[in-house]
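Asker:
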Amino acid sequence: MDFNDTPEEAAFRAEVRAWLEANAELRGPEDGGGVDLGELVDDETLSAAKAWQKKKADAGWACIRWPKEYGGRGATAIQGVIWNQEESKFKTALNIFGIGHGMCGPTVMTHGTPEQKERWIPKLLSGEEVWCQLFSEPSAGSDLAGLRSTAVRDGDDWIINGQKIWTTGAQFCDWGILVVRSDPNAVKHAGLSYFVVDMHSPGIEIKPIVQINGGTGFNEVFFDDVRIPDANRLSEVGNGWAVAITTLMNERASIGSGGGRAGIGDLLRLAQEVELNGAPAIEDSGVRQKLADFYVRSKAVQYTGNRTVSALSQGKTPGPEASLGKLVGAVLIQEIAAYGIELQGAAGVLNDHDNTAHEGSWQERYLGIPGLRVAGGTDEVLRNIIAERVLGLPPEARVDKGIAFKDIPTGPPSK
Ligand SMILES: Cc1cc2nc3c(=O)[nH]c(=O)nc-3n(C[C@H](O)[C@H](O)[C@H](O)COP(=O)(O)OP(=O)(O)OC[C@H]3O[C@@H](n4cnc5c(N)ncnc54)[C@H](O)[C@@H]3O)c2cc1C
5 MDFNDTPEEA AFRAEVRAWL EANAELRGPE DGGGVDLGEL VDDETLSAAK AWQKKKADAG
65 WACIRWPKEY GGRGATAIQG VIWNQEESKF KTALNIFGIG HGMCGPTVMT HGTPEQKERW
125 IPKLLSGEEV WCQLFSEPSA GSDLAGLRST AVRDGDDWII NGQKIWTTGA QFCDWGILVV
185 RSDPNAVKHA GLSYFVVDMH SPGIEIKPIV QINGGTGFNE VFFDDVRIPD ANRLSEVGNG
245 WAVAITTLMN ERASIGSGGG RAGIGDLLRL AQEVELNGAP AIEDSGVRQK LADFYVRSKA
305 VQYTGNRTVS ALSQGKTPGP EASLGKLVGA VLIQEIAAYG IELQGAAGVL NDHDNTAHEG
365 SWQERYLGIP GLRVAGGTDE VLRNIIAERV LGLPPEARVD KGIAFKDIPT GPPSK
């Protein structure tokens, strides 16, 4: 594989870069590591995010990978990566559209009716409406098909009851993709249905969860007799798992192809700025060794990500390499952030924007990163995928196979 830009890719990169230079400022180390999970989103941040998205949409740079018929550019996977790489170098607004554009939009495009696409896609692309993903529940995360929120048909509506959790952005979203159990008599993966829910519906209560970094990136969402019109159903009744798989494949692809910024450039800059034993830390051989190690590993993650991009550009479904990249990449980002704090010596323990290097961005990243190791597949779940699909080890035992969901035991056997 040749990792240099082809002449066409270089031309595309130059076009992207020119537009970004004309419309945004370059990012510095004090502008954070791009780990935006869990940031505090206030009205100002929200307006800035929507304004940036609209600017891109007006100029034809929004959701460039989406087909032209949906307002995108029909860009290739490589062009998508080039756009992400270049945009990430600029100080743009917080990206609050990752779930909507990366997961919800593609799912509506694949499974929606023409009316549903017309209603939802344009405002999703332009940033006018923000979307969230209502999948996880207190007892259903890695084992998503174990979810217990219910949908019961009532005329032209469905009535939803139950609880979702870890719903990123729910407090400012307009629409949500929702998987619920419509038939408890069916086996676990059957009997699920998939809806799009208006987040302003009566009966929805949203409670932000405060995280260790002070942000409230995700929420608990309670459904109390919430009505959803049948016109908002995206799957056949009882076939919601198949639609959920479309969403999850897109989630994995967006995590794999995004590459993420490991923060190695920022770490290098920090090592030049701070002192160790009376000299710039970068002059210390131990520090240099550590930086070299991080650099090598970050390149390995980047190139592993390129294998996902290659698969996508050849029209293939990304394989387990996306899981490898995510597993190794999230640990690496965490180690780099920890080292960024260590290099600051005693000052590193301060979680203080004004009195720490790079305006507290290292501490901010470090506290936000544990979520990266859980969202989109925990370390253990990714290891299971690698064990089964790469190493060919036997699959996990399934004790719930072939049993009606309502008969799956949920506690110790009664005496
Ligand atoms: C920052 C962040 C944002 C999120 N945003 C959203 C969102 O917008 N919408 C949404 O629906 N969800 C969201 N989630 C939830 C996320 O999808 C779940 O946290 C994830 O699927 C794990 O589920 P869980 O938290 O219930 O943990 P569990 O699945 O209960 O796992 C608990 C522990 O058991 C381990 N474990 C579980 N199964 C196995 C197994 N088979 N083998 C070995 N070990 C296992 C796990 O690795 C983990 O250590 C978000 C999570 C985070 C951290």
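Numbering-wise, the sequence shown is residues 5 to 419 according to this note's numbering.
Here a beta-carbon is modelled for each residue, glycine too, at the ideal position from N, C-alpha and C.
Because the structure is a prediction, the values reported are computed rather than measured.
Quick check on residue 367: buried or exposed, where buried means 16 or more other Cβ atoms within 10 Å of its Cβ?
Answerer: When all chains shown are included, residue 367 counts as buried.
Asker: Between which two residues does the alpha helix (DSSP H) harbouring residue 343 extend?
Answerer: Taken as a continuous stretch (DSSP letters only), the alpha helix (DSSP H) holding residue 343 covers 325-347.
Asker: Pick out whichever of 193, 72 and 176 has its Cα sitting closest to the Cα of residue 151.
Answerer: The candidate whose alpha carbon is nearest that of residue 151 is 193.
Asker: Determine the contact status of residue 254 and residue 106, defining contact as a CB-CB distance below 8 Å.
Answerer: Yes.
Asker: So for residue 224, helix, strand or coil by DSSP?
Answerer: Strand at residue 224.
Asker: Using only the heavy atoms of ligand 1, determine whether one of them is closer than 7 Å to the beta carbon of residue 222.
Answerer: Correct: residue 222 has its Cβ closer than 7 Å to ligand 1.
Asker: Should residue 231 and residue 340 be called a contact, given that it needs their Cβ atoms to be closer than 8 Å?
Answerer: Contact flag unset, no.
Asker: Just to confirm, does residue 392 get its C-beta within under 7 Å of one of the non-hydrogen atoms of ligand 1?
Answerer: No - ligand 1 has no heavy atom lying nearer than 7 Å to the Cβ of residue 392.
Asker: Spatial neighbours of residue 427 within its chain, please: CB distance less than 8 Å, with the 5 preceding and 5 following residues excluded, ordered by chain position.
Answerer: Residue 427 is absent from the model: the chain starts at 5 and stops at 419.
Asker: Look up residue 400 in the DSSP assignment and say whether it is helix, strand or coil.
Answerer: Looking at residue 400 - three-state DSSP - the assignment turns out to be coil, as it is neither helix nor strand.
Asker: Say whether the region 207-221 touches the region 172-190, bearing in mind that this needs 3 or more beta-carbon pairs closer than 8 Å, one atom from each stretch.
Answerer: At 8 Å Cβ cutoff, the stretches touch.
Asker: For residue 119, is the classification buried or exposed, using 16 other Cβ atoms within 10 angstroms of its Cβ as the cut-off for buried?
Answerer: When all chains shown are included, residue 119 counts as exposed.
Asker: Quick check for students: name the residue ranges of the beta strand (DSSP E) that lie wholly in the region 125-210, counting only runs of 3 or more.
Answerer: 135-138, 154-158, 161-169, 179-185 and 196-202, all fully within the region 125-210.
Asker: Can you look up residue 29 in the DSSP assignment and give me helix, strand or coil?
Answerer: In this structure, residue 29 counts as strand in the three-state DSSP scheme.
Asker: Quick one: Cα of residue 288 to Cα of residue 332, how far?
Answerer: Roughly 27 Å separates the two Cα atoms.
Asker: Quick one: measure Cβ to Cβ for residue 2 and residue 268, integer angstroms, because I've assumed they're closer than 8 Å.
Answerer: With the chain represented from 5 up to 419, any question about residue 2 goes unanswered, as that position is not in the structure.
Asker: Measuring alpha carbon to alpha carbon, tell me which residue in 130, 146 and 378 is nearest residue 335.
Answerer: Selected option, being the one with the closest Cα: 378.
Asker: Going by the CB atoms, is the gap between residue 313 and residue 244 shorter than 8 Å?
Answerer: No, Cβ-Cβ distance for residue 244 and residue 313 is not below 8 Å.
Asker: Let me confirm a value: residue 327 is counted as buried when at least 16 other C-beta atoms fall within 10 Å, else exposed. Which label applies?
Answerer: By the 10 Å Cβ count, residue 327 comes out buried.
Asker: If you draw a straight line from the alpha carbon of residue 131 to that of residue 156, how long is it in whole angstroms?
Answerer: C-alpha separation (whole angstroms): 32 Å.
Asker: Indicate, with yes or no, if ligand 1 has a heavy atom lying under 7 Å from the CB of residue 384.
Answerer: Residue 384 Cβ: within cutoff of ligand 1.
Asker: So, helix, strand or coil for residue 236, using DSSP?
Answerer: Helix at residue 236.
Asker: Bridge partners of residue 243, per DSSP?
Answerer: For residue 243, which the question treats as bridged, DSSP gives the partners 196.
Asker: Taking 8 Å as the threshold, find out whether the region 341-361 comes into contact with the region 272-288 through three or more Cβ pairs.
Answerer: Yes, the region 341-361 touches the region 272-288.
Asker: Are the region 17-25 and the region 82-97 touching, with three or more C-beta to C-beta distances below 8 Å?
Answerer: Segments in contact, yes.
Asker: Helix, strand or coil: which one does DSSP assign to residue 231?
Answerer: The answer is strand: DSSP assigns residue 231 an E or B state.
Asker: Please identify the residue among 364, 388, 66 and 293 whose C-alpha is closest to the C-alpha of residue 104.
Answerer: The option with the nearest alpha carbon to residue 104 is 66.
Asker: Just reading off the alpha helix (DSSP H) that residue 60 is part of, what are its end residues?
Answerer: It spans 47-62 - the alpha helix (DSSP H) in which residue 60 sits, taken as one unbroken run.
Asker: State the DSSP-derived secondary structure class of residue 354, mapped to helix, strand or coil.
Answerer: The answer is coil: DSSP assigns residue 354 none of H, G, I, E or B.
Asker: If we count the other Cβ atoms within 10 Å of its Cβ and call it buried at 16 or more, is residue 30 buried or exposed?
Answerer: Per the 10 Å Cβ criterion, exposed.
Asker: Using CA atoms only, rank isn't needed, just tell me which of 223, 414, 252 and 199 is closest to residue 242.
Answerer: Taking only the C-alpha atoms, the option nearest residue 242 is 199.
Asker: For ligand 1, is there any heavy atom lying closer than 7 Å to the beta carbon of residue 111?
Answerer: No.
Asker: Could you have a look at residue 39 and say whether DSSP puts it in helix, strand or coil?
Answerer: Bear in mind that the predicted position of residue 39 carries a pLDDT of just 44, short of 50, making it too unreliable to give a figure here.
Asker: Considering only DSSP beta bridges, list what residue 280 is partnered with.
Answerer: Its beta-bridge partners are 283.
Asker: Is residue 97 helix, strand or coil by DSSP?
Answerer: Three-state result, residue 97: coil.
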